[in-house]
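Working notes for the structure below.
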Amino acid sequence: AVVIGNEGNGVSDTVKKLCDKSLFIPISSAESLNASVAASVIAWEMSKVRE
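Position one of the sequence shown corresponds to residue 6 (our numbering), numbered consecutively onward.
Written out as structure tokens, the structure is:
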């Protein structure tokens, strides 16, 4: 499963403790990505790995 935190608060500490891994999406020209854009980036990268 993939957990996407919201733009304001991210993922709660309780949920973080239940996750096996976490990741960081490096961005250079924006302060943050909204949740739907972050989910799209992750889905795209996952599809490339599965090919």
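Glycine included, C-beta positions come from ideal geometry on N, C-alpha and C.
Here the structure is a predicted model, which is why all the values come from computation and not from measurement.
If you check the CB distance, V20 and V7 do not come in under 8 Å. When only Cα atoms are considered, N39 and N11 end up about 7 Å apart. Distance from the CA atom of W49 to the CA atom of V16, rounded to whole angstroms, is 21 Å.
Bridge pairing for G15: N11 [DSSP].
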